[in-house]
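2 protein chains.
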Amino acid sequence: MRTLKVALGARSYPIHIGAGLLGRGDLVLPCLKAPLAAIVSNETVAPLYLAGFSDMLRASGVRVTEIVLPDGEQHKNGRTLDRIYDALLQNRCERATTLIALGGGVIGDLAGFAAATYQRGIPFIQAPTTLLAQVDSSVGGKTGINHPLGKNMIGAFYQPRLVLADTDTLKTLPERELSAGLAEVIKYGLIRDLPFLDWLEDNMARLRGRDAGALSHAIERSCINKAEIVAEDETESGVRALLNLGHTFGHAIEAGLGYGAWLHGEAVAAGTVMAAELSRRLGWLNEADVSRIAALFEQAGLPVRGPALSADRYLEWMALDKKVAAGKLRLVLLEALGKAVIRDDAPESAIRAAIEACCHV
Amino acid sequence: MRTLKVALGARSYPIHIGAGLLGRGDLVLPCLKAPLAAIVSNETVAPLYLAGFSDMLRASGVRVTEIVLPDGEQHKNGRTLDRIYDALLQNRCERATTLIALGGGVIGDLAGFAAATYQRGIPFIQAPTTLLAQVDSSVGGKTGINHPLGKNMIGAFYQPRLVLADTDTLKTLPERELSAGLAEVIKYGLIRDLPFLDWLEDNMARLRGRDAGALSHAIERSCINKAEIVAEDETESGVRALLNLGHTFGHAIEAGLGYGAWLHGEAVAAGTVMAAELSRRLGWLNEADVSRIAALFEQAGLPVRGPALSADRYLEWMALDKKVAAGKLRLVLLEALGKAVIRDDAPESAIRAAIEACCHV
Numbered sequence: 001m002r003t004l005k006v007a008l009g010a011r012s013y014p015i016h017i018g019a020g021l022l023g024r025g026d027l028v029l030p031c032l033k034a035p036l037a038a039i040v041s042n043e044t045v046a047p048l049y050l051a052g053f054s055d056m057l058r059a060s061g062v063r064v065t066e067i068v069l070p071d072g073e074q075h076k077n078g079r080t081l082d083r084i085y086d087a088l089l090q091n092r093c094e095r096a097t098t099l100i101a102l103g104g105g106v107i108g109d110l111a112g113f114a115a116a117t118y119q120r121g122i123p124f125i126q127a128p129t130t131l132l133a134q135v136d137s138s139v140g141g142k143t144g145i146n147h148p149l150g151k152n153m154i155g156a157f158y159q160p161r162l163v164l165a166d167t168d169t170l171k172t173l174p175e176r177e178l179s180a181g182l183a184e185v186i187k188y189g190l191i192r193d194l195p196f197l198d199w200l201e202d203n204m205a206r207l208r209g210r211d212a213g214a215l216s217h218a219i220e221r222s223c224i225n226k227a228e229i230v231a232e233d234e235t236e237s238g239v240r241a242l243l244n245l246g247h248t249f250g251h252a253i254e255a256g257l258g259y260g261a262w263l264h265g266e267a268v269a270a271g272t273v274m275a276a277e278l279s280r281r282l283g284w285l286n287e288a289d290v291s292r293i294a295a296l297f298e299q300a301g302l303p304v305r306g307p308a309l310s311a312d313r314y315l316e317w318m319a320l321d322k323k324v325a326a327g328k329l330r331l332v333l334l335e336a337l338g339k340a341v342i343r344d345d346a347p348e349s350a351i352r353a354a355i356e357a358c359c360h361v
Numbered sequence: 362m363r364t365l366k367v368a369l370g371a372r373s374y375p376i377h378i379g380a381g382l383l384g385r386g387d388l389v390l391p392c393l394k395a396p397l398a399a400i401v402s403n404e405t406v407a408p409l410y411l412a413g414f415s416d417m418l419r420a421s422g423v424r425v426t427e428i429v430l431p432d433g434e435q436h437k438n439g440r441t442l443d444r445i446y447d448a449l450l451q452n453r454c455e456r457a458t459t460l461i462a463l464g465g466g467v468i469g470d471l472a473g474f475a476a477a478t479y480q481r482g483i484p485f486i487q488a489p490t491t492l493l494a495q496v497d498s499s500v501g502g503k504t505g506i507n508h509p510l511g512k513n514m515i516g517a518f519y520q521p522r523l524v525l526a527d528t529d530t531l532k533t534l535p536e537r538e539l540s541a542g543l544a545e546v547i548k549y550g551l552i553r554d555l556p557f558l559d560w561l562e563d564n565m566a567r568l569r570g571r572d573a574g575a576l577s578h579a580i581e582r583s584c585i586n587k588a589e590i591v592a593e594d595e596t597e598s599g600v601r602a603l604l605n606l607g608h609t610f611g612h613a614i615e616a617g618l619g620y621g622a623w624l625h626g627e628a629v630a631a632g633t634v635m636a637a638e639l640s641r642r643l644g645w646l647n648e649a650d651v652s653r654i655a656a657l658f659e660q661a662g663l664p665v666r667g668p669a670l671s672a673d674r675y676l677e678w679m680a681l682d683k684k685v686a687a688g689k690l691r692l693v694l695l696e697a698l699g700k701a702v703i704r705d706d707a708p709e710s711a712i713r714a715a716i717e718a719c720c721h722v
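Going down the list, the sequences are from chains A and B.
Quick note: the first sequence uses our numbering, first residue 1, plus one each step.
Quick note: the second sequence uses our numbering, first residue 362, plus one each step.
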């Protein structure tokens, strides 16, 4: 097991990464405020891991409430959130009850937002079971739900007390989900860690073959990058926005097709290629750089072209992005490989051209 | 104008109290992050004050979105909250847009929760227009909505940047609402400010006659008490719970009758008499103390007996209170006039007897 720390003063917390961690009561129990827990999971993950995890806690005297939700990004909405609230109230969960998210990014975001808002905030633990959640969404306290008019529009910054990344859960992860997680792993290399980008190019086959050592290394390196950024800028007033490379384009893909049609990581991959193409058109990257990025996503089993929506549709959805300021679209672009920047001065014509160059027609 | 401060480190903010403050752009404009504002009000307050307040801001170059909601506690729910989200998104409000609550406690709670959760948090200003909101709910950062299974069950602690209490707005406040606000004013005297309790007994007629000097003094003294408590315990892990004197009984009345049947302050008044009666049965107050409390609420035009629900119904709703810990009901009781305490050891038989003694049969 490796342990990292997210340094946020009184709200600092550990990230444990390793095999078999869902069986480690010694890691979970000291983080509970009272022997009361509510575990939120989904219909895919629950049959695999919920009973074992619950039983482990119950054997230590914890009263456990189980809340199982439907699986998929299309359920990351107010209706599903209400199911969590209803279950917490029906089971008389209190302020000292710890909410535990056992699942991927959708479960973490939903359960985290429920924890942030139930009785004005109850303790929260992340137990991510997908690569995407282990390398990205479980760390840093972003929680929330989608709104019909935009992704993650309703939410809160709410830090967990603990992130428990059990790498054994990746053994049952569908291939497509593994690839989706790799999109966010590649992101860290592109925005701030060129040596890691090199390593990923050399080790992508091992990662897709689920080599335990390679996966652990990639998760750890991703979490180190994420923890450093979050410690510097918890509420995304500055550098944290760099983590959204490809996400503004990606959100347009997800919203434009309807949530759940593409996985988040898939949309981020195609969106990142658009951001790279735009960076090339602005004179920062060269064609070889863009090809290198696209090749790495393809090696990871990810799409590198967006769906055939019109550029107008893309721009319409992008205008709803949370990074819009004073009516201007702020985009994360690449000045060079390993160096991301935020710019609000990309000409619309260039954005449009980059979208069209990277879309299926 | 008098100005107090809520001391919360980097999140400290001023409370301005005085006549004509809704016209004071010099107080509001420096608190805006950008010249963008969304004002949330209700169908009762908007016709009186919204246009003037909006025009004042627009004249200073602020782009203003107006969101007018139905009036009443029965609308403090997820459906009304969604109307705020929808309007913010439809009007392309961004992270730098300041949300301003112009109204009473319901508007402040709803708009504050929307501000806490829209795009994971946007700047927030309270412009309370009822006595209850000016003396209590606009100060301290409690925001939230009701759930069919309990009052204020969903919410967040989210501090405003400014509280602007324009005492002129009390001139149009219905008599019943004025009385409801006085319930929370009396609360401060009972829990920690015996000299203020004496003053209230001497000046209740002036307050009900809307004497401007008396009202200003009562608001200021209430806010001083509230600000001291909030500075000491922002998230209610300790002393802040004392502010809930009468509220656990009161919430049972509100929920038991359906939100909106009784005003919050009315339920708190009757609930406080129950808490006082229970305190007497536990040997702390004498009969004269309880009579003195009831007489003051009556002088304020408030009910001192609860509705005719069975004690079982009361206890059922009280068990859902947020102050429940380890399954035990925690009640705010009075050790003496001017001295409240939190106890979790009141025998159920005594609670039941106090309810029955203070209910209509």
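We put the beta carbon where it would ideally sit given N, CA and C, even for glycine.
A quick note: this is a predicted structure, and the numbers were derived from the prediction, not measured.
Asked, Found
"Rounded to whole angstroms, what is the Cα-Cα separation between Val268/A and Leu190/A?", "13 Å"
"Can you find a CB in chain B that lies within less than 8 Å of the CB of Lys322/A?", "yes"
"Lys503/B touches chain A at which residues, Cβ-Cβ below 9 Å?", "Arg120"
"I'd like to know whether the C-beta of Phe157/A is nearer than 8 Å to at least one C-beta of chain B.", "yes"
"What are the start and end residues of the alpha helix (DSSP H) that includes Gln126/A?", "It is not in any alpha helix (DSSP H) - Gln126/A instead sits in the beta strand (DSSP E) that spans Phe124 to Pro128."
"Can you tell me which of the three DSSP states Ala395/B falls into?", "coil"
"What number of angstroms, rounded off, separates the C-alpha of Gly121/A from the C-alpha of Phe414/B?", "33 Å"
"Rounded to whole angstroms, what's the CA-CA distance from Met417/B to Gly386/B? Just pull it up for me.", "7 Å"
"Sorted by chain position, which residues of the same chain lie with C-beta nearer than 7 Å to Ala255/A's C-beta, five sequence neighbours on each side aside?", "Gly150, Lys151 and Trp317"
"Assuming contact is defined by CB atoms lying nearer than 8 Å, are Ile125/A and Pro160/A in contact in what I supplied?", "yes"
"Is the Cβ-Cβ distance between Leu606/B and Ala636/B less than 8 Å?", "yes"
"For Ile154/A, return the contacting residues in chain B, with the cut-off set at a CB-CB distance below 7 Å.", "Tyr446, Thr478 and Tyr479"
"Given Asp233/A, which residues of its chain have a CB within under 7 Å of its CB, disregarding the five upstream and five downstream residues?", "Val239 and Arg240"
"Under 8 Å, do Val389/B and Ile376/B count as touching if we go by C-beta distance?", "no"
"Give a yes or no on contact between the stretch 223-231 of chain A and the stretch 296-313 of chain A, applying the rule of three or more CB pairs nearer than 8 Å.", "no"
"Check the Cβ-Cβ distances between Glu455/B and every residue of chain A, and say whether any is below 8 Å.", "yes"
"Who pairs with Leu4/A in a beta bridge, going by DSSP?", "Ile15/A"
"Starting from Leu164/A, trace the beta strand (DSSP E) both ways and give me its first and last residue.", "Leu162 to Asp166"
"List the residues of chain B whose Cβ lies closer than 9 Å to the Cβ of Leu149/A, in chain order.", "Tyr446, Asp447, Leu450 and Gln451"
"Using DSSP bridges, identify the partner residues of Lys683/B.", "Bridge partners of Lys683/B: none, in fact."
"Which word fits Arg11/A, buried or exposed, when buried means at least 16 other C-beta atoms lie within 10 angstroms of its C-beta?", "exposed"
"What first and last residue would you give for the alpha helix (DSSP H) that runs through His612/B?", "His608 to Leu618"
"Please confirm whether Asp673/B has its beta-carbon closer than 8 Å to some beta-carbon of chain A.", "no"
"Flag Gly78/A as yes if its beta-carbon sits less than 8 Å from any beta-carbon of chain B, otherwise no.", "yes"
"Step through the CB atoms of chain A and report whether any lies within less than 8 Å of the CB of Asp443/B.", "yes"
"Thinking just about the alpha-carbon of each residue, which of Gly469/B, Phe518/B and Pro509/B is nearest to the one in Ala494/B?", "Gly469/B"
"Under 7 Å, CB to CB, which of the residues in the stretch 22-54 of chain A have a partner in chain B?", "Ala34"
"For Asp673/B and Leu568/B, what's the separation of their Cα atoms in angstroms?", "37 Å"
"Which partner residues of Gly103/A appear in the DSSP bridge assignment?", "Pro128/A"
"Buried or exposed: Glu73/A, going by 16 or more other Cβ atoms within 10 Å of its Cβ?", "buried"
"Output yes or no for whether 8 Å exceeds the beta carbon distance between Ile39/A and Leu21/A.", "no"
"With three or more beta-carbon pairs closer than 8 Å as the criterion, would you say the stretch 76-84 of chain A touches the stretch 101-117 of chain A?", "yes"
"Look up Phe157/A in the DSSP assignment and give the residues it is bridged to.", "Lys142/A"
"Please classify Gln119/A as buried or exposed, where buried requires at least 16 other C-beta atoms within 10 Å of its C-beta.", "buried"
"Output the distance between the C-alpha atoms of Cys223/A and Arg176/A, rounded to the nearest integer angstrom.", "21 Å"
"Measure the CB-CB distance between Tyr188/A and Arg210/A and report whether it falls below 8 Å.", "no"
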